[in-house]
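Q: In terms of numbering that gives the first Met the number 0, the sequence shown is numbered consecutively and its last residue is 215.
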Amino acid sequence: MVSRQGGVFLARTVLIVAGGVASAEEAREAAKDADFIIAADGGFSLASQAGLRVDLLVGDMDSLDSPPQNIPILKFPQEKDATDLELALDYARATNPERIVVVGAFGARLDHTLANANLLEKYDLPVVLFHQGFRVYLVVDELEIPAALGDLVSLIPLSAEVRGIFTWGLRYPLHDGVLFRASTRGVSNEVVGLPCGVRVREGKLLLIHKPKGGGQ
0 MVSRQGGVFL
10 ARTVLIVAGG
20 VASAEEAREA
30 AKDADFIIAA
40 DGGFSLASQA
50 GLRVDLLVGD
60 MDSLDSPPQN
70 IPILKFPQEK
80 DATDLELALD
90 YARATNPERI
100 VVVGAFGARL
110 DHTLANANLL
120 EKYDLPVVLF
130 HQGFRVYLVV
140 DELEIPAALG
150 DLVSLIPLSA
160 EVRGIFTWGL
170 RYPLHDGVLF
180 RASTRGVSNE
190 VVGLPCGVRV
200 REGKLLLIHK
210 PKGGGQ
C-alpha cells in the first residue's frame, strides 16, 4: 500500500533495483511485495528486462544512454560523494517503509560490492538483499527468517563488535554471545530447527541465508 504525506510517498515495502549482477527472474521475485520501485541508475535496465514498473529513477544517469521520459528522475552530478545505491537507499528510508528490498547490489564491481555491504550499517530498519539465491538481511534488533531444515546461515558483524546475540534453530547456537568483525566465527551455521532467527542487543549484523541446494 502506498500513501502520500507531505509530498513524500509512504510505502510498506520499497524495492530498489541496482545495477549489479542479477537475473530478471530474481528481480521479479524481489518485487513480489513491493509497493514502490526505485531504479538506481543502471538498475533501470534490469527492471525493464524484468517487466517491472519503476516509480522513480535515482542516480547520475551515467549508465543509461537515454533516460526514460515517462518516469520521475532524481538526478545527481557524476562527481558526488555517494553511490547511486546509497542515494536510492536514503530516499527509500525517507519514505518510512516497513522494509527495503534490494536486488542487484553485488557483483558488477568488487569495490561496489564491498562498499554496498558495509553501507547497510548506516540504516536502522529491515533491509534484505537478493543475490543469486542468497538473502542478505540487516539485523538491527530481532529477525526470524523463512528457512528450511538444512539451510545455511552465516552471521557477519557490520559493527566492530556485536554483543548480546541470541540465536534459535541453528546447529551452533549463541546465547548472549559476542561476534567480532575481525573474526570468521559466525560463518557457515546450519538450520536444524524451526523457527530460526537471531536477536542482538548491541551492534548490527548481516544474516546471510542460503537455502539448501540454492545459491552459487
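Cβ coordinates follow ideal geometry from the N, Cα and C atoms, glycine included.
All values derive from a computational prediction rather than experimental measurement.
Could you tell me the boundaries of the alpha helix (DSSP H) in which Phe43 lies?
A: Stepping through the sequence shown from its first residue, residue 43 is reached at position 44. Element bounds for Phe43: 42-48.
Q: Counting C-beta neighbours from all protein chains within 10 Å, is the total for His174 16 or more, i.e. buried, or is it exposed?
A: Within the sequence shown, numbered from 1, the residue matching residue 174 stands at position 175. The residue is exposed, with fewer than 16 neighbouring Cβ atoms inside 10 Å.
Q: Using the Cα positions of Gly216 and Glu78, report the straight-line distance between them to the nearest angstrom.
A: With the chain represented from 0 up to 215, any question about residue 216 goes unanswered, as that position is not in the structure.
Q: Would you mind reading off the limits of the beta strand (DSSP E) that contains Tyr136?
A: Working through the sequence shown from its first residue, we reach residue 136 at position 137. First-last of the beta strand (DSSP E) with Tyr136: 133-138.
Q: Does DSSP put Gln4 in a helix, in a strand, or in coil?
A: For the purposes of this step, residue 4 is taken as the residue at position 5 of the sequence shown. Because Gln4 carries a pLDDT of 46, less than 50, the predicted location of this residue cannot be relied on, and no value is offered for it.
Q: Verify whether the separation of the beta carbon atoms of Ile164 and Val197 is less than 8 Å.
A: The sequence position of residue 164 within the sequence shown is 165, counting from 1. The sequence position of residue 197 within the sequence shown is 198, counting from 1. In this structure, Val197 lies closer than 8 Å to Ile164 by Cβ.
Q: Using the rule of at least 16 other Cβ atoms within 10 Å of the residue's Cβ for burial, across every protein chain shown, is Pro216 buried or exposed?
A: The structure shown does not extend to residue 216, since the chain is modelled only from 0 through 215, so no value can be given for it.
Q: With DSSP collapsed to three states, give me the class of Glu78.
A: Indexing the sequence shown from 1 puts residue 78 at position 79. Three-state result, Glu78: coil.
Q: Given 7 Å as the limit, tell me if Glu24 has its C-beta closer than that to any heavy atom belonging to the ligand GTP.
A: Questions concerning the ligand GTP fall outside what the structure shown contains, since it holds no ligand whatsoever.
Q: What does the Cβ neighbour count give for Tyr171, buried or exposed, with the cut at 16 atoms within 10 Å?
A: Within the sequence shown, residue 171 is the residue found at index 172, counting from 1. So Tyr171 counts as exposed.
Q: Out of curiosity, what's the CA-to-CA distance linking Phe179 and Pro66?
A: Position 180 of the sequence shown, counted from the start, is the residue given in the question as residue 179. Position 67 of the sequence shown, counted from the start, is the residue given in the question as residue 66. So the alpha carbons of these two residues sit roughly 43 Å apart.
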